[in-house]
Each structure stands twice: as C-alpha cells, then as structure tokens.
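**Q**
Protein chains: 2
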Amino acid sequence: MATRGSSDLADQLLTDRASLDRGSTAERVADILRGRITDGLFPPGRRLSEEELGGALGVSRNTLREAFRLLVHERLLVHELNRGVFVRTLVADDVVDLYRMRRLLECAAIRAAGEPSTAALEQVRVAVDAAEQASAQGDWLAVGSANMQFHQALVALANSRRMTETARHVLAELRLVFHVMSSHREFHEPYLHRNRKIYHLLAAGDNDGAATALEEYLGVAERQLLDAYAASADR
Amino acid sequence: MATRGSSDLADQLLTDRASLDRGSTAERVADILRGRITDGLFPPGRRLSEEELGGALGVSRNTLREAFRLLVHERLLVHELNRGVFVRTLVADDVVDLYRMRRLLECAAIRAAGEPSTAALEQVRVAVDAAEQASAQGDWLAVGSANMQFHQALVALANSRRMTETARHVLAELRLVFHVMSSHREFHEPYLHRNRKIYHLLAAGDNDGAATALEEYLGVAERQLLDAYAASADR
DNA sequence: GCATATTTGTCCGTATGTATA
DNA sequence: CTATACATACGGACAAATATG
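Chains as they are written, first to last, in the numbering used here: chain G, 1 to 235; chain V, 236 to 470.
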C-alpha cells in the first residue's frame with residue numbers, strides 16, 4: 001500500500017487502523033466504510049467520492065471501487081451510472097419489506113431449529129449478555145450491535161447457510177434504518193428483556209413459544225420505526 | 236471497448252454479441268458469462284482466468300473483475316484469495332439447503348399473497364405457457380428457463396422486493412445443480428402438469444391448496460436431485 | 001441552450017506478493 | 001528450493017457522462 005495521505009478525513013476514517021491486516025485491501029477498506037456508515041458518520045444519501053476517499057485512505061481508485069462493489073452488494077451503498085456511489089436511503093416501504101423478511105426468516109428458523117445444538121444456543125446467550133452489558137455502560141451503539149448479533153444467532157439455529165447469509169444482509173440493511181431514531185436508547189432499551197425471555201424459552205425447548213414472542217416483538221419494533229419515519233417526514 | 240481478440244474462445248463466448256449494448260460493460264460481460272455457466276460451457280469447478288477471458292472478450296482485467304464480483308455475489312462463482320475465481324461446485328448438502336430456502340420462500344409467498352393482482356397472476360400463466368410450448372418443441376433448456384420463470388413469478392405474488400431478489404439468487408444457484416441430471420427432459424417433464432395445476436389453484440383463489448401442492452412438488456424434485464447426486468458419486 | 005469543469009468509466013503498464021509445479 | 005504463473009494493487013491516461021455557471 002502506498003504512503004497514505006494524512007488529511008482530517010483520513011484520521012476520522014482510520015481510528016481502527018490496528019485491525020487492518022486481514023483479507024484483501026478492498027475488503028479492509030470496505031470494513032472501514034461499513035463501520036462509518038453504520039455509526040452514522042456517512043449518513044444516508046451522502047455521496048462517496050472516489051478521489052476524496054481514495055486520497056484519505058491511501059488506496060488507488062481501482063481498489064476503492066472494488067470496496068464500493070462489495071458494499072453495493074450488501075445494499076449499504078447504491079451505484080448510479082456515471083454519477084458515483086451514495087449511502088443508501090431507505091423509505092418506509094423498505095422498513096415494511098425488511099420486517100416481512102425478518103419475520104419470515106427468524107420465525108421459520110426458530111420453528112425449524114428442532115433441538116438446537118448447545119453451541120448454537122450458547123451464541124444466543126452470549127449476544128443477550130453482551131447487549132445487557134453494553135446497556136449497563138450506556139453504550140447504545142454497542143447495544144445495537146449486540147442486538148443484531150442476537151437476531152443473527154437466532155437464524156443460525158436453523159443451521160442453514162443460506163438462511164444465515166440472507167439474514168446477515170437483511171440485518172445490515174436494517175442498520176441504515178436505525179438512523180431515523182432520534183434516540184438509540186429509546187429504541188433499543190425496551191427489547192433487552194424480550195431478548196432474554198426468548199432465550200429462556202428456547203433453552204426450555206419451547207421453540208413455538210419463542211417464535212410467537214419474536215413475532216410480536218418484531219411487530220412492535222416495526223411500528224416504532226414507521227412512527228419515527230412518519231415523524232421525520234413531518235419535520 | 237478496445238479491439239477484441241479473435242480467439243476460438245471469443246467466438247464461443249460472443250455468440251450473442253448482438254445483445255451487447257445495454258448497461259455497463261461489466262454487466263454485459265457478466266450476462267455473457269452467466270449464460271455460459273448455466274448452459275454448461277463452463278462446468279462447475281472450472282477456473283476462469285482473468286487473462287484468458289479478458290483477452291477473449293476484449294475487456295480489461297479491471298472490467299472483468301467487476302463482472303466476476305457480480306457473479307460471485309450471485310453465487311455462481313467462488314473467489315479464493317490469490318487463486319482466482321472458479322465456477323461453483325455444489326454438493327448434496329447444498330441441494331438440501333437450497334430446497335429448504337425454496338420451500339420457505341415460495342410457500343410463504345403464496346400464502347402471503349392474499350388476492351394477487353391480475354398482472355402478477357398473468358406472469359405465472361405466461362411462464363406455464365412458455366414451458367409447455369418449449370416442451371412441445373423438445374427444447375429442454377428452454378423448459379428449464381421457463382420453469383425458473385414460473386417459480387420466480389410465484390414468489391413475485393408476495394409483492395416483496397427482497398423476497399423476489401432472494402428467490403432470484405436461489406434459483407440462479409439451482410441451475411448449477413441441474414447439471415448433474417443426465418437428462419434434462421426426465422427432470423423437467425414431470426413438473427409441467429404440476430405447474431399448470433398450481434396456476435389453476437391460484438387463479439381459483441385457493442392459495443393454501445397451491446402452497447400445499449407446491450410443497451409436495453418441491454419435495455419430489457429435491458429427492459430426484461439427491462438421487463442423481465448419489466448416482467454420480469458412485470460412478 | 002451552451003460551454004466548461006468535474007467526476008466517473010475504462011484501459012494499460014508495471015511492480016509486488018502468493019500459490020503451485 | 002527454485003522457477004513459473006497468476007492475482008493483487010498501484011498510478012497514469014483518456015474517453016464519456018454529468019453537473020455547473
């Protein structure tokens with residue numbers, strides 16, 4: 001890699017340069033950009049210039065474009081021909097569609113899980129613990145990450161590569177939606193105890209009960225998000 | 236585009252050069268490669284060299300890599316770091332996983348369709364007709380395409396962008412599996428009348444009956460494919 | 001509506017690193 | 001272990017499209 005530029009933007013971007021040694025350069029660049037999108041530094045609608053970012057990150061345009069492609073496929077960015085790439089902006093319809101997919105995937109996964117392996121159940125517990133811990137420290141961004149991890153672990157119970165991968169895409173997209181919530185705390189806090197309850201139901205072997213609880217959970221979250229969308233449209 | 240080379244390979248690839256004028260260069264290249272993969276010219280496991288293909292198609296390596304990315308995302312190709320891209324090889328477990336996804340997506344789509352729009356239902360009918368017509372002409376490759384179109388249309392009934400897109404990926408992947416069938420006719424013919432029956436049930440408003448019929452259909456097809464896999468493993 | 005500046009799309013040549021015979 | 005082939009990544013160039021005044 002060439003000597004990187006040292007602009008202000010570069011400093012903002014490279015806060016986690018320590019973990020920059022795995023995978024191809026394009027993948028590492030994509031990791032950085034993904035983080036900046038999900039944490040809100042690059043808000044929906046923002047255009048990502050090839051020259052600006054390439055200079056800031058010290059990578060060539062070709063490599064940067066490769067990273068863009070990865071994120072376009074994750075649906076975090078959209079690509080407009082001859083206009084460049086933009087952080088995706090989701091509308092209320094997308095929220096409805098995303099939650100339809102979540103209900104389908106997550107509830108089906110739980111119901112199809114049968115008697116899940118202890119390792120898979122353990123992953124669910126780990127995520128629940130992490131969310132509660134982050135909540136205790138007031139780190140609501142981390143709560144959001146742990147929550148995603150929880151739902152990912154739920155789908156993993158079905159032991160289906162493709163369901164797991166599809167869920168990853170859906171959940172990544174969902175992070176773009178969360179930016180409409182003015183308060184991350186208000187959005188995440190109510191779900192902590194629901195997460196733990198679902199874990200308990202699963203541990204007790206009551207998959208059907210867990211699926212039903214999850215279904216209601218998702219319905220409430222969807223409504224909350226749609227309300228936030230309606231409110232932001234008024235302003 | 237630069238002057239393309241004129242190797243034998245180029246002639247094989249560019250049989251449909253006429254339709255080479257829409258979208259970005261990378262997308263057009265991806266379309267060509269997708270066709271050659273699904274029709275079997277590039278069989279599973281085959282390595283696609285950047286230099287060889289770039290020369291044959293008259294595009295630069297950068298552009299070709301962009302096309303590779305698209306197909307890797309469609310799971311038709313796999314990418315191994317520093318080794319290149321290969322046509323994906325699916326194993327019996329993949330068949331099981333793919334059919335799990337199919338059952339989930341297609342049956343849920345039908346059950347969630349409610350009273351589908353006449354336009355969406357019309358798409359189903361068109362696909363059924365096309366399959367029967369191709370069958371009458373003995374064009375089994377076209378029957379396979381029409382069949383994919385039929386299932387795609389079923390999922391489209393749910394009117395969910397993401398379900399539709401996920402289905403497209405699953406069905407594209409499935410085409411890789413079909414190559415294990417020694418006789419495309421044997422595999423596709425038995426399903427023609429099932430397709431029409433499902434269409435009739437939908438048109439009559441019996442979504443639940445259609446979903447049940449589809450579920451059985453998929454179970455039979457899965458078993459048939461798994462048998463073919465077992466047989467090819469013996470040889 | 002037009003001319004100009006900016007940005008992307010595409011290609012090339014080359015240097016470096018990695019896997020494999 | 002060496003040699004070869006190939007992928008990764010860089011920088012520069014020009015064409016083409018878009019945005020701006």
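Cβ coordinates follow ideal geometry from the N, Cα and C atoms, glycine included.
So that I know if they touch, is there some Cβ in chain V lying closer than 8 Å to that of A108/G?
**A** Within the first sequence, numbered from 1, the residue matching residue 108/G stands at position 108. It does: the Cβ of A108/G has a partner Cβ on chain V nearer than 8 Å.
**Q** Residues in its own chain within less than 7 Å of L71/G by CB, not counting five upstream and five downstream?
**A** The residue given as residue 71/G occupies position 71 in the first sequence. The residues are A30, L33, R34 and L77.
**Q** For H193/G, does the count of other Cβ atoms within 10 angstroms reach 16, so buried, or fall short, so exposed?
**A** Mapped onto the first sequence, residue 193/G falls at position 193. Its Cβ having fewer than 16 others within 10 Å, H193/G is exposed.
**Q** Compare the Cα-Cα distances from G54/G to each of A26/G, V91/G, A156/G and N207/G and report the closest residue.
**A** The residue labelled residue 54/G in the question sits at position 54 within the first sequence. The candidate whose alpha carbon is nearest that of G54/G is A26/G.
**Q** Consider the Cβ of T209/V: report whether some Cβ of chain G lies at a distance smaller than 8 Å.
**A** Nothing can be reported for residue 209/V: it is not among the residues displayed for chain V, which extend from 236 to 470.
**Q** Mark S160/G as exposed unless 16 or more other C-beta atoms lie within 10 angstroms of its C-beta, in which case mark it buried.
**A** In the first sequence, the residue the question calls residue 160/G occupies position 160. The residue in question, S160/G, is buried, as its Cβ has 16 or more Cβ neighbours within 10 Å.
**Q** Measure the C-alpha to C-alpha separation of V320/V and R282/V and round it to an integer number of angstroms.
**A** Translated into the one-based positions of the second sequence, residue 320/V becomes position 85. Translated into the one-based positions of the second sequence, residue 282/V becomes position 47. CA-CA distance, V320/V to R282/V, rounds to 6 Å.
**Q** Are there three or more Cβ pairs, one per stretch, closer than 8 Å when the region 54-65 of chain G is compared with the region 89-101 of chain G?
**A** no
**Q** Would H308/V pass as an interface residue toward chain G - the criterion being a Cβ-Cβ separation below 8 Å?
**A** Your numbering for residue 308/V matches position 73 in the second sequence. Closer than 8 Å: yes.
**Q** Does DSSP put E421/V in a helix, a strand or coil?
**A** For the purposes of this step, residue 421/V is taken as residue 186 along the second sequence, with counting starting at 1. Helix at E421/V.
**Q** What number of angstroms, rounded off, separates the C-alpha of R318/V from the C-alpha of S284/V?
**A** In the second sequence, counting from the first residue as 1, residue 318/V sits at position 83. In the second sequence, counting from the first residue as 1, residue 284/V sits at position 49. Cα to Cα, the separation comes out at about 10 Å.
**Q** Between A463/V and the rest of its own chain, which residues show a CB-CB distance below 6 Å, the 5 nearest in sequence each way excluded?
**A** Numbered from 1 along the second sequence, position 228 holds the residue referred to as residue 463/V. Closer than 6 Å at the Cβ level, and outside the excluded window around A463/V, lie V415 and M416.
**Q** Could you tell me the alpha carbon to alpha carbon distance between A146/G and A167/G, rounded to whole angstroms?
**A** Reading the first sequence from its first residue, position 146 is the one you call residue 146/G. Reading the first sequence from its first residue, position 167 is the one you call residue 167/G. Distance between the alpha carbons of A146/G and A167/G is about 15 Å.
**Q** Cα separation between A371/V and V455/V?
**A** Within the second sequence, the letter at position 136 stands for residue 371/V. Within the second sequence, the letter at position 220 stands for residue 455/V. Roughly 23 Å separates the two Cα atoms.
**Q** Going along the chain, which residues of its own chain have a beta-carbon closer than 7 Å to the beta-carbon of K432/V, five neighbours each way excluded?
**A** For this step, residue 432/V is matched to residue 197 along the second sequence. Contacts found: A448.
**Q** Could you confirm whether any beta carbon from chain G is found closer than 8 Å to the beta carbon of S352/V?
**A** Here residue 352/V refers to the residue found at position 117 of the second sequence. Closer than 8 Å: no.
**Q** Contact between the region 149-157 of chain G and the region 110-123 of chain G is defined here as three or more beta-carbon pairs at a separation below 8 Å; is this criterion met?
**A** Yes, the region 149-157 of chain G touches the region 110-123 of chain G.
**Q** Starting from the C-beta of V277/V, find all residues in its chain whose C-beta is less than 8 Å away, skip the five residues before and the five after it, and write them out in chain order.
**A** Within the second sequence, numbered from 1, the residue matching residue 277/V stands at position 42. Per the sequence shown, residue 277/V should be read as Phe rather than Val. Within the same chain, F277/V has close Cβ partners L268, R271, L283 and V322.
**Q** Would you tell me roughly how many angstroms separate the C-alpha atoms of L481/V and A67/G, rounded to the nearest one?
**A** The structure shown has nothing for residue 481/V, since chain V only spans 236 to 470.
**Q** Check each candidate in F413/V, A445/V, T324/V and I345/V and name the one with the smallest Cα separation from G280/V.
**A** In the second sequence, residue 280/V corresponds to position 45, counting from 1. That would be T324/V, whose Cα lies nearest to the Cα of G280/V.
**Q** At what residue ranges does the region 24-97 of chain G contain a whole run of the alpha helix (DSSP H), taking only runs of 4 or more?
**A** 25-38, 50-57 and 61-73
**Q** Alpha carbon to alpha carbon, what distance is there between E132/G and W140/G?
**A** Along the first sequence, one-based indexing puts residue 140/G at 140. Along the first sequence, one-based indexing puts residue 132/G at 132. So the alpha carbons of these two residues sit roughly 10 Å apart.
**Q** Step through the CB atoms of chain G and report whether any lies within less than 8 Å of the CB of S395/V.
**A** Position 160 of the second sequence, counting from 1, holds the residue named residue 395/V. So, interface residue.
**Q** Taking the beta carbon of E52/G as the centre, do at least 16 other beta carbons fall within 10 Å, making it buried, or is it exposed?
**A** By 1-based counting over the first sequence, the position of residue 52/G is 52. Under this definition E52/G is an exposed residue.
**Q** Can you list the residues of chain G that N297/V reaches, using a CB-CB cut of under 7 Å?
**A** Reading the second sequence from its first residue, position 62 is the one you call residue 297/V. Neighbours of N297/V on chain G, chain order: N62.
**Q** Using the beta-carbon count (16 or more within 10 Å), is D94/G buried or exposed?
**A** Residue numbering aside, residue 94/G sits at position 94 when the first sequence is read from its first letter. The residue is buried, with at least 16 neighbouring Cβ atoms inside 10 Å.
**Q** Determine the direct distance from the alpha carbon of F178/G to that of F385/V, and round the result to whole angstroms.
**A** Counting from 1 along the second sequence, the entry for residue 385/V is found at position 150. Counting from 1 along the first sequence, the entry for residue 178/G is found at position 178. Whole-angstrom Cα-Cα distance: 36 Å.
**Q** Quick check: what's the CA-CA separation for G209/G versus Y426/V?
**A** Stepping through the first sequence from its first residue, residue 209/G is reached at position 209. Stepping through the second sequence from its first residue, residue 426/V is reached at position 191. If you take the alpha carbons of G209/G and Y426/V, they lie about 37 Å apart.
**Q** Please confirm whether M148/G has its beta-carbon closer than 8 Å to some beta-carbon of chain V.
**A** Along the first sequence, one-based indexing puts residue 148/G at 148. For M148/G, no Cβ of chain V is located within less than 8 Å of the residue's own Cβ.
**Q** Verify whether the separation of the beta carbon atoms of G379/V and H419/V is less than 8 Å.
**A** In the second sequence, the residue the question calls residue 379/V occupies position 144. In the second sequence, the residue the question calls residue 419/V occupies position 184. Result yes, Cβ atoms of G379/V and H419/V sit closer than 8 Å.
**Q** In or out: V91/G buried (at least 16 other Cβ within 10 Å) or exposed?
**A** By 1-based counting over the first sequence, the position of residue 91/G is 91. V91/G comes out exposed.
**Q** Would you kindly check if the distance between the Cβ of R360/V and the Cβ of Y434/V is under 8 Å?
**A** Reading the second sequence from its first residue, position 199 is the one you call residue 434/V. Reading the second sequence from its first residue, position 125 is the one you call residue 360/V. Contact: yes.
**Q** Just verifying my parser: in three-state terms, what is the DSSP assignment at Q152/G?
**A** If you number the first sequence from 1, residue 152/G lands on position 152. Looking at Q152/G - three-state DSSP - the assignment turns out to be helix.
**Q** Run through chain G and tell me which residues come within less than 7 Å of E301/V, C-beta to C-beta.
**A** The residue labelled residue 301/V in the question sits at position 66 within the second sequence. Neighbours of E301/V on chain G, chain order: R69.
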